[in-house]
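Data block below; observations after.
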Ligand SMILES: [Zn+2]
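Chains as they are written, first to last, in this note's numbering: chain H, 69 to 892; chain S, 53 to 399.
Set out below in structure tokens:
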């Protein structure tokens, strides 16, 4: 459904921005699909109104004319080929030396005659695709006026989606009615004339199917003059992309666009016997429509026929034989309503899409029929001349208006509003629902009097809202979608504004926690669980003596523990500044219970004093002892060692944030020298892992190798992957593997070697895996032999042996440049 | 001649009887059908036969060749089948032996209860916040409408921190309930507020079967224009159902807390005796799992929330208590011993 801002202004005093109108439509339930500013201004920039003051035939051509035109300031001579360049025509003129779009109009000699500009068709100016001659403008247009001021330029076209329950919005008037109700404007309804003393001719219409055609109103108008429509009418249609045809057809289209209810006009003299028959098609009947296509009809299709043949498929399309042409003198104007189900079935079967069928499929109101007929008649008599001679209105069962009772208390309860009865009445009257009764709470409840309505309306009777039990409205005929109280409530909220209803706040509005924090915490605990770790929970109270076992430096934060004034006992007199003593105690208990392959972790707070402030921080600590993988009758036992712990923690932290790294570090006094690593994010230390010094383990009465980790979880949660992952192209070609071996000084780190290898070619080297370390026979002292597997692939194609060899050579070259290596 | 053909076929048959691998089969193939085989020699000699003998012998030769080939082919299939059967036989094993299971650990029972509680309240639109365990007297007592001489402030009940700050009027302590979070949140935010906070609290109790000097609570707080006692009952009823099952019975029992008015204790029906009375419920038929009530206007006043306009409810539930009941633990201390045999049982 399309309409323009200017057209809306015919009915309401609209004075809001184009965007605001779009918003208001959207929030009243009319979905705006597009808002288009008209594009043709650039073409009519230099075009003016001009009058042809004389026309003569070109001496050298029978198809050309020489026109003298007045553009308000001077007289120009223009050679023109249009057949309608008659004397007195007001048209569009573009003088020489001005631009028309991308081109420049020049003075020219056309077959020996000078031409000082160009007279334009609408197509020339990109206004429409009409090129039947040059533009004819209203005589009232002043010569020299810029054409932009004559056209409805700066207009804005709206394209909206109308939901199937609202056929009343298929006309611009319906849209205006809703907008008026929302913005509290008054609606200027078009004047509907009444025609009295016209012959009622019962023989004019023979309606044989009241079910499929609840109403058929025909009017005969004689002596019309069919020609091009006046400028304003053409311009109105053009503004909503409807092509003008002739004045009669344009008027029926115009009324359809205005009211949303289609009309049709037949050439009366081509209706055999002058009688309209509304009937079902006969099986096997064929029909040639206005679109030049033939259709086979079935006996379920409704047709409009004369005494011999169908002249229209009812509500869908007319035939060629009875359409309005410039020869038409007398017309029959049809205004009718058809069963929407039947129209839908026929339309779907025949696959015809017309503006008329689109609307009749939506269950229109029969009541509108007389209004549109009278309004069209008025325009026809006014524009096309002629005389209304007779009519016939077949309307056997006029629709009965229903009423609905609305309780203000109910409205306010459902909408959580505080609307008064007055406000509700105001909203509904804007939608043309009529107030018929107000019910008050009284002792004799049903004894309320209708004459109070007038008094309420006139303000004479002051009724407090608390006294109003219900308000009764009669539902306007074009709102078939409204029949219950709840439907009315929906109308009220639509007009009041969905977004003015406050939210109840049953959900919290303050987002106090980063949801990511909770998710990451759970992920970490879950990960460790699935890696075989059991979670432990220990007391916050700790023993100073055990903390001292860790041999921490004096300035270590763990030394700044917090003491209690009134501890339960001397072994629980401080708050823990590390999770390790607690978890080591758990380990001892379980070892004493002869449990092996122990993996424990705790995710809990530590407490310490920092510049007289009590700090509480989440830490993650863990411990591994015994087997990494327990015995199995078939597979080898794997002993826990520094690499089994390192692998687990590396993988966990990789999931948290792939920028976390580890590096050998001996700074923790309780880790065995050369067996400690720190965990880093950039330069920031997040924690450490390593082997517990055996002497310290002994303090905790543990004799076996112990591997531990301790991580500042607050830091981890801060950097845990907040950025979302996005897809990266995967390499579509197979991987190739190549192993390389070399002997190198023991002091060169693996991590360093891998970095150097990758630097050789980041595109092709996908991964570098250490697959063997060998120390001993045939290897010099302080050296080791390393074997790496290079995983190679390219996104450009499968790698050739040649490319691979060159790459391997380059890798060796790169290593030789940096270290002293011996290839093996 | 014909007889000779028959003989050849017999020879192949005999040779094939003992052949039971591909190698033997290939040998038989080359000796009977190879270039130097008798059959091939006969083929080569075919040209020297007379014209009327040639087609007949030729045909015989071909038939013999085909027959031999098909016998060898047939044996090849049999050997293939034999090989397959031997493999299947060799790979047959005792499938009742243990598989290689991944060794997984598990979450502590308290963590499991905590997560379940978090999920229930997240579903109901609560936000989760964290609060400090080390608090001051003001937030733990004064702001929660606890009078200065209230016994809870006693050192017998509450742990105090050794002077970190020199403010003897507002000493640091270990919070005795998570309600301190209410105060902190309301000091810094205006309603609507709808939060839970889970954390550790402390009371100076001697550890025994049902007491631990530290324990865990979930604190709930909801403040809005029109939050009612009915909303509180609704939320806790939903919680009880989600936590303990559809048929759980629950009740409110009037109680006193300084920071709520009216206040209630929240009980669920003893699921051991179903109400008949047993040792778990101390013969009452009910189990207490927490306290609740409408936020006292004095608390709103202390934090600067308009107590005329807003109402709110608060509740505190014991996570250790709920865990104890859910897993039927005989002694709360078992939760903090961290004996892996206990942990493995419940994870
Ligand atoms: Zn019981």
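In this text, a Cβ means the ideal position worked out from N, Cα and C, and glycines have one as well.
Contact annotation: residue 292/H and residue 272/H have beta-carbon atoms that are not nearer than 8 Å.
A residue is called buried once 16 or more other Cβ atoms fall within 10 Å of its Cβ, and residue 66/S, having fewer, is exposed. Counting other Cβ atoms within 10 Å of its Cβ, residue 656/H stays below 16 and is therefore classed as exposed. Rounded to whole angstroms, residue 859/H and residue 796/H show a C-alpha spacing of 19 Å. Taking the C-beta atoms as reference points, residue 506/H is found no nearer than 8 Å to residue 541/H. For residue 645/H, the distance from the CB to the nearest heavy atom of ligand 1 is not below 7 Å. Excluding five sequence positions before and after residue 561/H, the CB atoms of its chain that fall closer than 6 Å to its own CB belong to 483, given in chain order. Only 630, 631, 632, 633, 634 from the stretch 618-634 of chain H bring a Cβ to less than 8 Å from some Cβ of chain S.
The shortest CA-to-CA distance from residue 648/H to any of 285/H, 548/H, 393/H, 765/H is the one to 765/H. From the listed residues 343/H, 219/H, 546/H, the smallest Cα separation to residue 437/H is found for 546/H. If you keep only unbroken beta strand (DSSP E) runs of at least 3 residues inside the stretch 121-193 of chain H, you get 133-138, 143-148, 158-163, 166-168, 171-173, 176-178, 181-183, 185-188. Here residue 362/S really is in contact with residue 276/S; their C-beta atoms are around 7 Å apart, less than 8 Å.
Straight across, the Cα-Cα distance linking residue 372/H with residue 163/H is about 52 Å.
In the DSSP assignment, the residues bridged to residue 276/S are 363/S.
For residue 118/S, the enclosing alpha helix (DSSP H) starts and ends at 106-143.
When the alpha-carbon of residue 357/H is set against those of 600/H, 381/H, 856/H, the nearest one is in 381/H. For residue 191/S, the enclosing alpha helix (DSSP H) begins and ends at 189-192. Boundaries of the beta strand (DSSP E) around residue 102/H: 99-105. Contacts between residue 392/S and chain H, judged by CB atoms closer than 7 Å, involve 602, 658, 663, 666 in chain order. The beta-carbon of residue 321/S is placed no less than 8 Å from the nearest beta-carbon of chain H. Residue 256/S has a beta carbon lying within less than 8 Å of a beta carbon in chain H. For residue 686/H, there is no enclosing alpha helix (DSSP H); the enclosing beta strand (DSSP E) covers residues 681-693. Going by DSSP, residue 169/S is part of no beta strand (DSSP E) but of the alpha helix (DSSP H) stretching over 161-175.
Put simply, of 279/H, 118/H, 230/H, 553/H the residue whose alpha carbon is nearest the alpha carbon of residue 208/H is 118/H. Scanning its chain for C-beta atoms nearer than 7 Å, with the 5 sequence neighbours on each side dropped, one finds around residue 89/S the residues 83, in chain order. Note on geometry: alpha-carbon atoms of residue 158/S and residue 593/H lie some 8 Å from one another. Residues of the stretch 200-215 of chain S whose Cβ lies closer than 9 Å to any Cβ of chain H, in chain order: 207, 208, 210, 211, 212, 213, 214, 215. Within the same chain, Cβ atoms closer than 8 Å to the Cβ of residue 337/H are found at 396, 397, 398, the five residues on either side in sequence being excluded. Contact annotation for residue 698/H against chain S: 155 [CB-CB distance below 7 Å, chain order].
By the beta-carbon neighbour count (other beta carbons within 10 angstroms, threshold 16), residue 125/S is exposed.
Distance from the C-beta of residue 297/S to the nearest heavy atom of ligand 1 is not below 7 Å. Shown in chain order are the members of the stretch 358-392 of chain S whose Cβ falls below 8 Å from a Cβ of chain H: 387, 388, 389, 390, 391, 392. Counting along the chain, no alpha helix (DSSP H) covers residue 213/S, and no H or E run does either. Boundaries for residue 778/H: no alpha helix (DSSP H) harbours it, while the beta strand (DSSP E) harbouring it runs 774-780, taken from the DSSP string. Only residues of its own chain outside the window of five on either side were considered, and among them 538 have a CB closer than 6 Å to the CB of residue 475/H, listed in chain order. Rounded to the nearest angstrom, the Cβ distance from residue 92/H to residue 251/H is 7 Å, consistent with a contact under 8 Å.
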